[in-house]
Amino acid sequence: MFGIVPFRDRKRRDVRSVFDEFSSLMDRLLDEDFFLVPFVPRSFRTDIRETEDAYIVEAELPGVPKEAIRVTYDEGVLSIVVEEDKDITEEKGEYIRRERYRGRNERHFALENVDEEKITASFENGVLRITLPKLKRTPPKGREIVIE
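Each residue of the sequence shown is one higher than the one before, counting from 0 in numbering that gives the first Met the number 0.
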């Protein structure tokens, strides 16, 4: 009874073959267009700079069409809203792929002392640039107060 090892009817599998199968499966998964589905990130990156004359806001929105972006300034708050509604249909041979994405992302920034009538925005190469000129404030003139 010494040295008895349970007999397995199955052939032993080489450990490398298990990893090869796993690697092959991952390659097939990554070759699919699964990771190429267009999407809007949960929160888009934004830079805000302040100069003496204006605030400059730059938001990175790669792949987002200009028509999907709405910019507003109300009561001292700049709002950038991105709403996308994409449908992709692709046919290749016997394969048909249809994917849909609907999403909304928004960012809000409190920026005071802004001349609302002079705000400008441009969108080029996936970067939204908003310039918010500051109100020109003249220093208050001093005056003498008469004591009664």
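Heads up, the beta-carbon is just placed ideally off N, CA and C, and yes, glycines get one too.
query	result
Own chain, CB closer than 6 Å to residue 130, minus 5 neighbours either side, in chain order	53, 55, 119
The stretch 111-118 in contact with the stretch 90-99 per 3-pair CB rule at 8 Å	no
Bridge-paired residues (DSSP) for residue 96	89
Sequence-distant residues of the same chain with beta carbon closer than 6 Å to residue 39, five excluded per side	At residue 39, the pLDDT of 41 sits below 50, so the modelled position is not reliable and the matter cannot be decided from this model.
Whole-number beta carbon distance between residue 109 and residue 70, since they are thought to touch under 8 Å	With a Cβ gap of about 15 Å, residue 70 and residue 109 do not count as contacting.
First through last residue of the beta strand (DSSP E) which encompasses residue 120	119-123
Cβ-Cβ separation, residue 79 to residue 106 (assumed contact under 8 Å), whole Å	5 Å
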